[in-house]
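At the far end of the sequence shown sits residue 192, using the working numbering, and the numbering has no gaps.
The beta carbon of each residue, even a glycine, is placed where N, CA and C say it ideally should be.
Since the structure is predicted, the reported quantities are computational estimates derived from the model, not experimental observations.
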Amino acid sequence: MYIWLRKAKYEISEELAENVIIDFDKRGRIIGIEILDA
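Given below as structure tokens:
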């Protein structure tokens, strides 16, 4: 499952917890949250 929070160009991802990945833009703002095995 992917939850979009804002429309922006992807820069980097960070694993927040097991099976939860946060995507950031180049300004460091969260653009989306990916929940694996949801």
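Residue Glu172 holds the alpha-carbon nearest to the alpha-carbon of aspartate 191 among Ala162, Glu172, Ile166, Glu165.
By alpha-carbon distance to isoleucine 187, the top candidate from Lys180, Arg181, Ile176 is Ile176.
Rounded to the nearest angstrom, the gap between the Cα atoms of arginine 160 and isoleucine 184 is 8 Å. Setting aside the 5 residues that flank it on each side, glutamate 168 is surrounded in the same chain by Ile176, each with a C-beta closer than 6 Å to its C-beta; the list follows chain order. Under the DSSP assignment, tyrosine 156 falls in the beta strand (DSSP E) whose first and last residues are 156-158.
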